[in-house]
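Asks:
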Amino acid sequence: MHRRLIAPGAIAASLLLAIPASAAGFEPGAAGIGDPYYPASGNGGYDVAHYDLRLKYQPATDVLEGTATILATPTQNLSRFNLDLGLTATEVRVNGLKAAVATSGAHELEVTPAVPLPKGRPVTVVVRYAGKPSSVRIDGWTAWHRTPDGGVAAQEPESAAWWFPSNDHPLDKATFDVSVAVPDGTQAISNGVLQSQSSRIGWTRFNWRSDKPQATYLATLAVGKFDITTGTTANGLPVLNAYSKDLGANAGAARASIERTTEVAEWLEGLFGPYPFNALGGYVPNVTSGYALETQTRPFYSPRQFANGSNVSVVVHEIAHQWYGDSVSVEGWKDIWINEGFARYSQWLWSEKEGEGTAQELADYVYATRAADDPFWTVKPGDPGADNLFHGAVYDRGALALQALRGEIGDENFFAILKGWPAKRAHGNANVGDFVAYAESVSGRQLDALFDTWLYQPSKPAAPAAAGARTASEAPAGRIAQPKSWKKIAETNTIHETGHHH
Ligand SMILES: [Zn+2]
Numbered sequence: 000m001h002r003r004l005i006a007p008g009a010i011a012a013s014l015l016l017a018i019p020a021s022a023a024g025f026e027p028g029a030a031g032i033g034d035p036y037y038p039a040s041g042n043g044g045y046d047v048a049h050y051d052l053r054l055k056y057q058p059a060t061d062v063l064e065g066t067a068t069i070l071a072t073p074t075q076n077l078s079r080f081n082l083d084l085g086l087t088a089t090e091v092r093v094n095g096l097k098a099a100v101a102t103s104g105a106h107e108l109e110v111t112p113a114v115p116l117p118k119g120r121p122v123t124v125v126v127r128y129a130g131k132p133s134s135v136r137i138d139g140w141t142a143w144h145r146t147p148d149g150g151v152a153a154q155e156p157e158s159a160a161w162w163f164p165s166n167d168h169p170l171d172k173a174t175f176d177v178s179v180a181v182p183d184g185t186q187a188i189s190n191g192v193l194q195s196q197s198s199r200i201g202w203t204r205f206n207w208r209s210d211k212p213q214a215t216y217l218a219t220l221a222v223g224k225f226d227i228t229t230g231t232t233a234n235g236l237p238v239l240n241a242y243s244k245d246l247g248a249n250a251g252a253a254r255a256s257i258e259r260t261t262e263v264a265e266w267l268e269g270l271f272g273p274y275p276f277n278a279l280g281g282y283v284p285n286v287t288s289g290y291a292l293e294t295q296t297r298p299f300y301s302p303r304q305f306a307n308g309s310n311v312s313v314v315v316h317e318i319a320h321q322w323y324g325d326s327v328s329v330e331g332w333k334d335i336w337i338n339e340g341f342a343r344y345s346q347w348l349w350s351e352k353e354g355e356g357t358a359q360e361l362a363d364y365v366y367a368t369r370a371a372d373d374p375f376w377t378v379k380p381g382d383p384g385a386d387n388l389f390h391g392a393v394y395d396r397g398a399l400a401l402q403a404l405r406g407e408i409g410d411e412n413f414f415a416i417l418k419g420w421p422a423k424r425a426h427g428n429a430n431v432g433d434f435v436a437y438a439e440s441v442s443g444r445q446l447d448a449l450f451d452t453w454l455y456q457p458s459k460p461a462a463p464a465a466a467g468a469r470t471a472s473e474a475p476a477g478r479i480a481q482p483k484s485w486k487k488i489a490e491t492n493t494i495h496e497t498g499h500h501h
């Protein structure tokens, strides 16, 4: 058999003729992932599988230096792509080669690789960056808490841009290795398992691993001086809680709440099925904010959550999010109900278990105390709008919607759905319509009218059928007694009174 010899130059020339560069189909990725509430959030054209963050943070100066190695796969032929970052990138390499960089918009880092990136072929992006997170303002606000002994990144719907470059939207989840060097005597807390820590010439490095897909806003970093408690769950998962040494009078109540995380998670496993991640815990830094946030495996709690004594209900809320919000994440921010409606309803179920008011009594109380002309009823939990993302109605009316569902389909179907949904959608994303379809498939009932009434109508629905028990019927005729748990649950509402958050 003869081989035909073709000069390489001839191939190149013919390819150029066949596929002129301008028509080769390599185009810039979009500057946003397509979220109608937050058009600039995330980016188009690629999907991240893993973030490797190697950081050094100096509490005295609030200077953060980092190298982020991002493993991603283009979902289109890319001539250019964006990352979201508020700090300053000093060098970007794509597949080892220096890339051209520019900034635009509120937090866009535009990366033009030396060689265009074909769809489907994995790429490695290395970003060297630095800056003072406390000096970064994006659209006029900050997700970074500067503390007397360090700093904390924990916010929703955005916080990543203050400490690492990313595709900053829950649709693009990835695994994380976070390695942070801080001065000896200071700790760095992040998500997942503390794999190792070591000290060298005055710096201690903490190596954290979160080995299941994690949304960027659920990644957290806290540097400061902490008291750390550790343990193991009955299933062998490592538990690590961290408390700022600076909590003052809130220290006892914070511990009396968060040290019950293992117990709470075990109870929630009975409702929702196996805990979805590799570690468990919580942390309380010395911040002045009032909210809590379900940062993956290790929720963030503001000290103020414990200003009136212990509050296990907020722990129930944040740990419930590990299934509802963290493992099953919103597809877009309009789907916030699939996080918050269920986390709030978990607090109602905990109240019922503790004998402090049943879910039905809490539902009755919300329904009775919100008059028909209360603006509360104008917020649609199924599509609240960006301005009302964390409105009380997303929580309380959102939980009422679940109690109405329970009344409609009965306990057996209802609790099968609560347990089945996190398994069906584990480590993925979903929208409200997906949940409605799932509830219909499990119950065999047509439920769109019920969900339309409770999630999408800007008015007070007619009283639903009751479900489950009522116990505390000691109120005067015509009045609904306030359930014992009401005040503690209401205290967790500060979560949505402080700007963005939980
Ligand atoms: Zn929440």
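Sequential numbering from 0 applies to the sequence shown in numbering that gives the first Met the number 0.
For glycine and all other residues, C-beta sits at the position ideal for the given N, C-alpha and C.
(1) Specify whether the stretch 155–174 and the stretch 205–218 touch according to this definition: at least 3 beta carbon pairs, one from each stretch, less than 8 Å apart.
(2) Count Cβ pairs between the stretch 231–241 and the stretch 279–288 that sit closer than 8 Å; are there 3 or more?
(3) Give the list of continuous alpha helix (DSSP H) stretches no shorter than 4 residues that lie fully inside the stretch 289–335.
(4) Just to confirm, are LEU82 and LEU108 a CB contact at a threshold of 8 Å?
(5) Grab me the residues of PHE520's own chain with a C-beta within less than 6 Å of its C-beta, minus the 5 sequence neighbours each way, in chain order.
(6) Looking at HIS320 and ligand 1, is the gap between the Cβ and the nearest heavy atom below 7 Å?
(7) What separation, rounded to the nearest whole angstrom, lies between the Cα atoms of TYR394 and ASP226?
(8) With distances taken Cα to Cα, identify the nearest neighbour of ARG469 among VAL126, SER350, THR203.
(9) For THR493, which residues of its own chain have a beta-carbon under 6 Å away from its beta-carbon, when the five flanking residues on both sides are left out?
(10) Quick one: grab the DSSP three-state call for PRO482.
(11) Here's a check: name, in chain order, each residue in its chain whose Cβ is nearer than 6 Å to the Cβ of ARG369, leaving out the five neighbours to either side.
(12) Across the stretch 478–491 and the stretch 356–364, are there enough close Cβ pairs to call them in contact, namely three or more that are closer than 8 Å?
(13) So which of VAL311, SER178, HIS426 has the shortest CA-CA distance to GLY251?
(14) Can you have a look at GLU473 and say buried or exposed, based on whether 16 or more other CB atoms are within 10 angstroms of its CB?
(15) Can you give the Cα-Cα distance for VAL122 and ASN285, rounded to whole angstroms?
(16) Sorry if obvious, but does the Cβ on ASN206 come closer than 7 Å to a heavy atom of ligand 1?
(17) By Cβ distance, which residues of its chain are closer than 7 Å to SER326, with the 5 residues on each side in sequence left out?
(18) For ILE32, which residues from the same chain have a beta carbon less than 8 Å from its beta carbon, with the 5 sequence-adjacent residues on both sides left out?
(19) GLY381 to LEU401, Cα distance in whole Å?
(20) In terms of alpha-carbon separation, which member of ASN94, GLY95, ALA385, VAL126 lies closest to ALA101?
(21) Quick one, which of TRP161, TYR50, PRO117, THR87 has its alpha-carbon nearest GLN503's?
(22) Quick one: what's ARG127 bridged to in DSSP?
(23) What residue range is occupied by the uninterrupted beta strand (DSSP E) comprising GLU107?
(24) Quick check: does the Cβ of ALA264 come within less than 7 Å of any heavy atom belonging to ligand 1?
(25) Report the rounded CA-to-CA distance for ALA22 versus ALA98, giving the unit in angstroms.
(26) Using a Cβ-based criterion (distance less than 7 Å to any ligand heavy atom), does ASN387 qualify as near ligand 1?
(27) Does the beta-carbon of ALA400, which I'm using as the reference point, lie nearer than 7 Å to any heavy atom of ligand 1?
(28) Cβ of HIS390 within 7 Å of any heavy atom in ligand 1?
(29) Between the Cα of GLY443 and the Cα atoms of ALA465, LYS55, GLY130, GLU411, which residue gives the shortest distance?
(30) What do you reckon, is the C-beta of GLU258 under 7 Å from a heavy atom of ligand 1?
(31) Going by DSSP, what residue range makes up the beta strand (DSSP E) through ILE137?
Replies: So, from the data block:
(1) By the Cβ criterion, the stretch 155–174 is in contact with the stretch 205–218, since at least three pairs of Cβ atoms, one from each stretch, lie closer than 8 Å.
(2) With a cut-off of 8 Å, the stretch 279–288 and the stretch 231–241 count as touching, because enough Cβ pairs lie within range.
(3) With a minimum length of 4 residues, the continuous alpha helix (DSSP H) runs that stay inside the stretch 289–335 are 311–322.
(4) Taking 8 Å as the Cβ cut-off, LEU82 and LEU108 qualify as a contacting pair.
(5) This structure gives no information on residue 520, because the portion of the chain shown stretches from 0 to 501.
(6) Proximity of the beta carbon of HIS320 to ligand 1 is indicated: a heavy atom of the ligand is located closer than 7 Å.
(7) C-alpha separation (whole angstroms): 32 Å.
(8) Comparing Cα positions, the closest option is SER350.
(9) The residues are GLY289.
(10) Correct three-state label for PRO482: coil.
(11) By the criterion of a C-beta distance shorter than 6 Å, ARG369 is surrounded in its chain by PHE375, once the five residues flanking it on both sides are discounted.
(12) With contact defined as three or more Cβ pairs closer than 8 Å, the stretch 478–491 and the stretch 356–364 are in contact.
(13) The candidate whose alpha carbon is nearest that of GLY251 is VAL311.
(14) Only weak support is given to the placement of GLU473: the predicted model assigns it a pLDDT of 49, under 50, and the value that follows is read from those uncertain coordinates. With fewer than 16 other Cβ atoms within 10 Å, it is exposed.
(15) Here the alpha carbons of ASN285 and VAL122 stand approximately 39 Å from one another.
(16) Taking 7 Å as the cut-off, the C-beta of ASN206 does not count as close to any heavy atom of ligand 1.
(17) Answer for SER326: PRO275, PRO421, ALA425, HIS426, listed in chain order.
(18) Cβ neighbours of ILE32 beyond the five flanking positions: SER40, GLY41, ASN42, GLY43, ASN166, HIS168, LEU170, ASP171.
(19) Those two C-alpha atoms are separated by around 12 Å.
(20) The residue among ASN94, GLY95, ALA385, VAL126 with its C-alpha nearest the C-alpha of ALA101 is VAL126.
(21) Outside the shown range of the chain, which is 0 to 501, sits residue 503, and nothing can be said about it.
(22) Answer is THR66, GLU90.
(23) Note, GLU107: beta strand (DSSP E), 107–111.
(24) No.
(25) For ALA22, the pLDDT reaches just 40, beneath the cut-off of 50, and the residue's location in the model is therefore unreliable, leaving the point undetermined.
(26) No, the Cβ of ASN387 stays beyond 7 Å of every heavy atom of ligand 1.
(27) ALA400: no, Cβ never under 7 Å from ligand 1.
(28) Because no heavy atom of ligand 1 lies under 7 Å away, the Cβ of HIS390 does not count as near it: no.
(29) With distances taken between Cα atoms, GLY443 lies closest to GLU411.
(30) Not one heavy atom of ligand 1 is found less than 7 Å from the C-beta of GLU258.
(31) No beta strand (DSSP E) contains ILE137, which DSSP labels as neither H nor E.
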